[in-house]
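Below: the structure, in structure tokens.
Protein chains: 2
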Amino acid sequence: MNMYDRDALVRERYGEASVEANLSAVLDPLFLQHRSVRAYRDTPLPEGTIESLVAAAQSASTSSNLQAWSVVSVESAETRSRLSELAGGQKHVASAPVQLVWLADLSRLHQAAADQGISAEGVDYLEVFLVSVIDAAIAAQSAALAAESLDLGLVYIGGLRNHPEEVAELLGLPDRCFAVFGMCIGYPDETKPAHIKPRLPQAAVWHREKYDAAGLAEHVEAYDLESLRFYQSQNMDRKQWSIHSGNRVRGPESLNGRDRLAEALNRLGFPLR
Amino acid sequence: MNMYDRDALVRERYGEASVEANLSAVLDPLFLQHRSVRAYRDTPLPEGTIESLVAAAQSASTSSNLQAWSVVSVESAETRSRLSELAGGQKHVASAPVQLVWLADLSRLHQAAADQGISAEGVDYLEVFLVSVIDAAIAAQSAALAAESLDLGLVYIGGLRNHPEEVAELLGLPDRCFAVFGMCIGYPDETKPAHIKPRLPQAAVWHREKYDAAGLAEHVEAYDLESLRFYQSQNMDRKQWSIHSGNRVRGPESLNGRDRLAEALNRLGFPLR
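Residue numbers (the UniProt record's numbering), protein chains in the order written: chain Y, 1 to 273; chain G, 1 to 273.
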């Protein structure tokens with residue numbers, strides 16, 4: 001499926017700090033190769049590609065088979081350009097040939113129920129909203145891996161949540177439908193290669209039997225060093241992970257307008273009871 | 001990666017109603033083969049398996065590299081049995097050799113920030129909670145596909161959200177940490193094979209350029225018939241999809257206690273501002 005070197009991928013993912021070399025001895029390298037791609041070639045996607053990605057997405061698990069998600073594929077340059085602005089001026093949203101906008105969609109379920117005389121008030125609850133967000137994320141990630149298996153590159157665009165109502169209007173979304181994130185899709189521009197980003201050591205995210213925060217400070221310290229090594233290698237002027245990430249969630253003012261997401265969702269038809 | 005017949009998988013997924021045969025001409029069948037497995041063999045997982053699944057999960061996209069998720073792997077029979085009860089008595093939770101509990105985890109980020117003198121009040125907002133839920137779902141789905149590529153079976157367990165506080169206590173979760181769903185993992189018991197569930201036609205979930213609900217009633221009608229055919233073939237006594245699904249979200253009383261999820265999350269340290 002992929003011609004990557006598995007051991008090299010594991011080293012890139014966990015850096016110097018962490019991992020036994022035999023960790024992924026049997027795993028297809030596809031599952032280790034992800035990097036966020038922000039530079040794309042003009043090459044259009046072969047016919048049938050989006051159909052394939054949607055089939056992969058629909059084949060993924062969905063809570064109680066409710067299938068509470070949808071996707072809008074955007075190829076129009078004008079719409080991509082507008083989405084790029086709404087996402088905070090991310091140029092790759094305009095330049096990638098396809099933007100997939102993944103939707104938490106309770107409108108279809110609500111309508112299908114209504115057509116059977118069922119009022120479906122459950123969709124007004126936070127739980128069912130979460131079901132639709134989780135469904136969308138699971139579907140999207142299956143499509144993402146499918147895309148990467150076809151040598152395409154991608155990056156998720158959470159920036160669409162900066163302006164949920166404007167995105168909904170632009171894409172003609174009905175009530176009870178919310179653009180959870182976008183996803184740029186295209187062939188990577190190999191003259192501007194993307195790199196694998198190191199992650200926290202496994203011991204920081206994986207707990208056996210019970211949650212154990214005992215070693216956390218040590219793991220974060222090791223990863224902070226690893227993150228600095230990575231930023232340096234990329235000529236990125238950025239503070240270590242814990243400071244950079246802490247600043248991302250410092251307060252409402254650091255959330256790019258998303259501190260009002262609950263209000264926006266209410267307006268889009270999600271009371272979040 | 002898989003020896004499945006791609007065309008046969010597409011037919012099973014979309015039934016009679018839908019799909020051009022060439023839809024997935026180039027897609028690895030892995031992306032089409034999913035079925036929820038609820039009957040497992042006793043066979044333990046080979047050494048290094050969970051390590052591999054965690055590496056796949058960590059290789060997936062994460063919003064702004066915040067890595068706002070964790071996972072608890074449960075192998076203890078006693079804990080699996082208790083989780084099975086909390087999930088509404090789902091026997092496969094007790095019988096699968098491994099349960100992976102996927103966590104929306106803002107506690108690590110909050111602590112790492114605090115250790116740098118950053119108060120990180122942003123984690124109190126719905127947006128950052130959603131980031132952690134989405135991160136967990138994306139990570140989990142990469143692990144799920146990785147597991148299936150290793151011939152393992154799985155099923156997501158949303159039932160853990162019936163009793164979020166009890167699950168948190170059982171697994172020793174810190175504040176700002178929430179078990180989004182579980183995941184049974186094990187080798188499928190081939191004497192009780194699971195079947196591919198048909199999904200809605202692509203046209204019902206995939207919109208080009210703009211959301212278009214025009215054909216919805218027709219798509220749902222076709223799928224309702226398909227769902228009845230499937231239930232019949234499985235000797236399941238169940239109404240068509242739109243009625244069955246509508247009843248799942250009929251009102252607060254149909255949500256298995258999850259109508260109080262917002263309150264439970266508040267108690268677990270998520271004010272959801």
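Here a beta-carbon is modelled for each residue, glycine too, at the ideal position from N, C-alpha and C.
Using the rule of at least 16 other Cβ atoms within 10 Å of the residue's Cβ for burial, across every protein chain shown, is THR62(Y) buried or exposed?
To locate residue 62(Y), count along the first sequence from 1; it is residue 62. With 16 or more other Cβ atoms within 10 Å, it is buried.
Limits of the beta strand (DSSP E) - the one that TYR231(G) falls within
Counting from 1 along the second sequence, the entry for residue 231(G) is found at position 231. Where TYR231(G) is concerned, there is no enclosing beta strand (DSSP E), although the alpha helix (DSSP H) it sits in stretches over 216 to 233.
Could you tell me whether the Cβ atoms of LYS197(G) and ALA39(G) are closer together than 8 angstroms?
One-based indexing of the second sequence puts residue 197(G) at position 197. One-based indexing of the second sequence puts residue 39(G) at position 39. No, Cβ-Cβ distance for LYS197(G) and ALA39(G) is not below 8 angstroms.
Closer than 9 angstroms, Cβ to Cβ, to anything on chain Y: give me those residues from the region 51 to 65 of chain G, in chain order.
GLU51, SER52, LEU53, VAL54, ALA55, ALA56, ALA57, GLN58, SER59, ALA60, SER61, THR62, SER63, SER64, ASN65
C-beta contact flag for TRP102(Y) and VAL54(Y) at 8 angstroms
Your numbering for residue 102(Y) matches position 102 in the first sequence. Your numbering for residue 54(Y) matches position 54 in the first sequence. For TRP102(Y) and VAL54(Y), no; Cβs fall outside 8 angstroms.
Cross-chain neighbours of GLY251(G) in chain Y, by beta carbon under 7 angstroms
Sequence index remark: in the second sequence, residue 251(G) carries index 251 (1-based). Simply GLU121, GLY122.
Start and end residues, beta strand (DSSP E) containing ALA146(G)
Residue 146(G) sits at position 146 when you count from the first residue of the second sequence. First-last for ALA146(G): 126 to 149, but that is the alpha helix (DSSP H), not the beta strand (DSSP E).
Assigned secondary structure, ALA21(Y) (DSSP; H/G/I helix, E/B strand, else coil)
Stepping through the first sequence from its first residue, residue 21(Y) is reached at position 21. Note that ALA21(Y) has pLDDT 45, beneath the 50 cutoff, so the model's placement of it is unreliable and the number below is only indicative. In this structure, ALA21(Y) counts as coil in the three-state DSSP scheme.
Excluding sequence positions up to five away, which residues of its chain have a Cβ less than 8 angstroms from the Cβ of ARG82(Y)?
For the purposes of this step, residue 82(Y) is identified with residue 82 of the first sequence, where counting begins at 1. Cβ within range, chain order: LEU170.
Comparing alpha-carbon positions, which option in GLN202(G), ALA114(G), ASN162(G) lies nearest TRP241(Y)?
Here residue 241(Y) refers to the residue found at position 241 of the first sequence. Checked all of GLN202(G), ALA114(G), ASN162(G); the closest Cα to TRP241(Y) is ALA114(G).
For GLU47(Y), which option in GLU47(G), SER64(G), VAL26(G) has the closest C-alpha, if you only look at C-alpha atoms?
The count along the first sequence starts at 1 and reaches residue 47(Y) at position 47. When each option's Cα is compared against that of GLU47(Y), the closest is VAL26(G).
Quick one: using the 10 Å Cβ neighbour count with 16 as the cut-off for buried, is THR49(G) buried or exposed?
By one-based count along the second sequence, residue 49(G) stands at place 49. Buried is the call here.
With DSSP collapsed to three states, give me the class of SER107(G).
The residue you call residue 107(G) lines up with position 107 of the second sequence. It is helical.
Would GLY89(G) be called buried (16 or more neighbouring beta carbons within 10 Å of its own) or exposed?
Within the second sequence, residue 89(G) is the residue found at index 89, counting from 1. By the neighbour-count rule (16 or more Cβ atoms within 10 Å), GLY89(G) is not buried but exposed.
Cross-strand partners of MET183(G) (DSSP beta bridge):
As a working mapping, residue 183(G) is identified with position 183 in the second sequence. In DSSP, MET183(G) forms a bridge with LEU100(G), TYR156(G).
Any idea which residues DSSP pairs VAL72(G) with across the strands?
Counting from one through the second sequence, the residue named residue 72(G) turns up at place 72. In the DSSP output, where bridge partners are listed per residue, VAL72(G) has HIS207(Y), VAL101(G).
Min CB distance ASP28(G) to chain Y below 8 angstroms
On the second sequence, residue 28(G) is found 28 positions in, with the first residue counted as 1. Closer than 8 angstroms: yes.
In chain Y, which residues lie with their C-beta within 8 angstroms of the C-beta of LYS210(G)?
On the second sequence, position 210 is the one that residue 210(G) refers to. Residues of chain Y passing the Cβ test: VAL72, LEU171, GLY172.
Under the assumption that SER84(Y) contacts VAL93(Y) (Cβ atoms under 8 angstroms), give the Cβ distance between them as a whole number of angstroms.
Taking the first residue of the first sequence as position 1, residue 84(Y) is located at position 84. Taking the first residue of the first sequence as position 1, residue 93(Y) is located at position 93. About 4 angstroms; that satisfies the 8 angstroms criterion.
With 8 angstroms as the threshold, decide whether the Cβ of VAL98(Y) is near any Cβ in chain G.
Position 98 of the first sequence, counted from the first residue, corresponds to residue 98(Y). Output row for VAL98(Y): interface = no.
Applying a beta-carbon distance threshold of less than 7 angstroms, which residues of chain Y neighbour ASN247(G)?
In the second sequence, residue 247(G) corresponds to position 247, counting from 1. The contacting residues are ILE118.
From ARG199(Y), LEU261(Y), SER142(Y), ALA262(Y), pick the residue whose C-alpha is nearest to that of TYR231(Y); which is it?
By one-based count along the first sequence, residue 231(Y) stands at place 231. Checked all of ARG199(Y), LEU261(Y), SER142(Y), ALA262(Y); the closest Cα to TYR231(Y) is ARG199(Y).
Would you verify that the beta carbon of ARG38(Y) is, or is not, closer than 8 angstroms to some beta carbon of chain C?
This model lacks chain C altogether; the protein chains it does include are Y and G.
Three-pair Cβ contact test at 8 angstroms for the region 258 to 267 of chain Y versus the region 157 to 170 of chain Y
yes
If you run the structure through DSSP and keep just helix, strand and coil, what is PHE178(G)?
Along the second sequence, one-based indexing puts residue 178(G) at 178. Strand, per DSSP.
Please check if any C-beta of chain Y sits within less than 8 angstroms of the C-beta of TYR231(G).
Your numbering for residue 231(G) matches position 231 in the second sequence. Cβ-Cβ to chain Y under 8 angstroms: no for TYR231(G).
Span of the alpha helix (DSSP H) around PRO164(Y)
Against the first sequence, residue 164(Y) aligns to sequence position 164. Unbroken alpha helix (DSSP H) run through PRO164(Y): 164 to 170.
Run through DSSP, which three-state label would ALA262(G) get?
Indexing the second sequence from 1 puts residue 262(G) at position 262. Helix, per DSSP.
Count the other CB atoms within 10 Å of the CB of HIS207(Y); is the residue buried (16 or more) or exposed (fewer)?
Translated into the one-based positions of the first sequence, residue 207(Y) becomes position 207. The residue in question, HIS207(Y), is buried, as its Cβ has 16 or more Cβ neighbours within 10 Å.
Kindly indicate which residue of ASN65(G), VAL180(G), ASN247(G), ALA194(G) has the alpha-carbon position closest to the one of GLY153(G).
Position 153 of the second sequence, counting from 1, holds the residue named residue 153(G). Nearest option by C-alpha distance: ALA194(G).
Go ahead and pull the three-state DSSP assignment for LEU252(G).
Residue mapping note: residue 252(G) aligns to position 252 of the second sequence, counting from 1. Going by the sequence as given, residue 252(G) is Pro instead of Leu. Helix at PRO252(G).
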